[in-house]
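Taken in order, the sequence shown gives residues -21 to -1, 1 to 321; the numbers are from mature numbering (1 follows the signal peptide of the UniProt record, and there is no 0). Ideal Cβ positions, reconstructed from N, Cα and C, are used throughout, including at glycine. I have placed the structure first, in the form of structure tokens, so that the comments after it can refer back to it.
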Amino acid sequence: MNYLKQLFLAVVCLLAGIVSAVPASADDDGQVGYNIQAILPENQVNKENSFFDLRMKPNQEQTIEFVINNTSSEAAEFEISINQAYTNDQGFIDYADKDVPPDSSQKYLINDIATTDNKVTVQASSSKIVPIRLKMPSEQFDGQILAGIQVTKQPKDTKAEKGRISNVYGYVLGLKLTETDQEVPRDLKLLGVEGAAAFGKTSVVAVLQNPTMDAYGKLKYKAKVMNKASGEVEKEAAFDNHMQIAPNSQYRFAIDWGGDKLVAGDYTLDLTVSDAKENVWEFTEAFTITAEEAKKINEATIGQAGASDWPLWLYVIGGIVLGMLILGIVWYGLWKKRKPHS
């Protein structure tokens, strides 16, 4: 019986280890411990917006401010960066990555316009006003400059926490700069088509560029990839979920290959993109996937498929079921051993 107890405890410890491996979400931590708020100036275009929506002039210099409220019981250090708007791989405007290379059409870089302190310390249960200095370009422009003021609370660097995974929380406060109400004519360019690994899957990617200083919303995509030799349709894709593209940015529109291997050969892409203003862009582009490219992409995606694609909760359930099965087998064996022979 002692043997059974020891085995039971071992299985319980094993299951506890599996469950504890599930990463905690932000909600599990309760409160983030801080928040930020814009102090809207007089040249705020729309007073109902909680982000900075500023009407500026050429050469204008201005200092705007926002507040960091530290609601925790300890002093905290915050990292601040001002990031140019870009289009993420999901097809939406984003501000969270400060290292995205600027597009070739980008004329005005936000880091040449807006500057602030990189790090700020705020004492426990207190607030601090952070200034941002703006210096507009000398020439007037139509359209908009979009950016995000990213504020990230830094984890405590203590000996007790070294070697442990720390959750890092961040907020982004929008910054929109305009000088006129003149509407910018919209444009969209197809820079190229290529085989690629996108979202860990074999894909064909169309690289699109918005070369204008305007943000587009409610975009719809329809795509068809055909074998150039046979004319047969290899894959089709359609997206109608209010996608976006940032000013002066690129979007890598990925056509999922459905888990199939990419095959070397010549192909043609037919792509149609439309927006809510009844603009329609139609592209037809021939492209080639070489044998070397196909092999590299297939090995990086299909070769890695399998257990790594399973969600973590399946492992948890599998571990629990396995533990119960082991306990059942052992219990049955001991019961059978104790049962008197007839």
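Exercise for the section: Using a threshold of 7 Å, state whether the C-beta atoms of Leu241 and Thr181 are closer than that. Expected result: Yes; because the gap between Cβ atoms is below 7 Å, this pair is in contact.
Problem - CB-CB length for Asn227 against Asp82, believed under 8 Å - result: Correct: roughly 5 Å between the Cβ atoms.
Problem - Distance between Gln223 and Ala(-1) (C-alpha atoms, nearest Å) - result: With a pLDDT of only 33 at Ala(-1), under the threshold of 50, the placement of this residue in the model should not be trusted; the figure read from the coordinates follows. About 36 Å.
Problem - Beta-carbon proximity list for Trp260, same chain, < 6 Å, skipping 5 on both sides - result: Around Trp260, the same chain offers Leu167 and Val252 as residues with beta carbons nearer than 6 Å, after the five sequence neighbours per side are excluded.
Practice task
Would you tell me roughly how many angstroms separate the C-alpha atoms of Gln123 and Glu56, rounded to the nearest one?
Solution key: Roughly 32 Å between the two C-alpha positions.
Problem - Extent of the continuous beta strand (DSSP E) run through Glu53 - result: Bounds of any beta strand (DSSP E) do not take in Glu53, whose DSSP letter is neither H nor E.
Handout entry: Ser52 burial status per 10 Å Cβ neighbour count (16 or more: buried)
Key = That one is exposed.
Problem - Cβ shell of Lys138 (< 6 Å), same chain only, five flanking positions each side left out - result: Here Lys138 scores only 47 on pLDDT, less than 50, and its place in the model should not be relied on; the value that follows carries that caveat. Beyond the five residues adjoining it in sequence on each side, Lys138 comes within less than 6 Å, by CB distance, of no other residue in the same chain.
Exercise for the section: Output the boundary residues of the beta strand (DSSP E) element that contains Lys98. Expected result: Boundaries of the beta strand (DSSP E) harbouring Lys98: Lys98 to Val101, taken from the DSSP string.
Problem - Extent of the continuous alpha helix (DSSP H) run through Asp91 - result: Its alpha helix (DSSP H) spans residues Ile89 to Ile92.
Exercise for the section: Could you have a look at Val309 and say whether DSSP puts it in helix, strand or coil? Expected result: Helix, per DSSP.
Problem - Own chain, CB closer than 6 Å to Asn14, minus 5 neighbours either side, in chain order - result: Non-local C-beta neighbours of Asn14 in its own chain, meaning closer than 6 Å and more than five positions away in sequence, comprise Asn48, ordered along the chain.
Problem - the segment 170 to 188 / the segment 264 to 280 touching (three or more Cβ pairs under 8 Å) - result: Look at the beta carbons and you see the segment 170 to 188 touching the segment 264 to 280: at least three pairs across the two are nearer than 8 Å.
Problem - Nearest residue (CA-CA) to Lys214, options Leu198, Asp235, Thr66 and Thr42 - result: Checked all of Leu198, Asp235, Thr66 and Thr42; the closest Cα to Lys214 is Asp235.
Problem - In DSSP terms, what Asn206 is bridged to - result: Secondary-structure assignment with DSSP links Asn206 through a beta bridge to Tyr246.
Handout entry: Pick from Glu27, Gly210 and Thr269 that is closest to Gly174, judged by C-alpha positions
Key = Of the listed residues, the one whose Cα sits closest to Gly174 is Thr269.
Problem - Residue environment, Leu187, which counts as buried when at least 16 other CB atoms sit within 10 Å - result: Counting the other Cβ atoms within 10 Å of the Cβ of Leu187 gives 16 or more, which makes it buried.
Practice task
Since I believe Tyr230 is in contact with Gly70 (beta carbons under 8 Å), could you give me their beta-carbon distance rounded to a whole number of angstroms?
Solution key: About 6 Å; that satisfies the 8 Å criterion.
Problem - Terminal residues of the beta strand (DSSP E) in which Asn14 lies - result: In this chain, the beta strand (DSSP E) harbouring Asn14 covers Tyr13 to Ile18.
Exercise for the section: Output the boundary residues of the beta strand (DSSP E) element that contains Asn220. Expected result: For Asn220, the enclosing beta strand (DSSP E) covers residues Val212 to Ile224.
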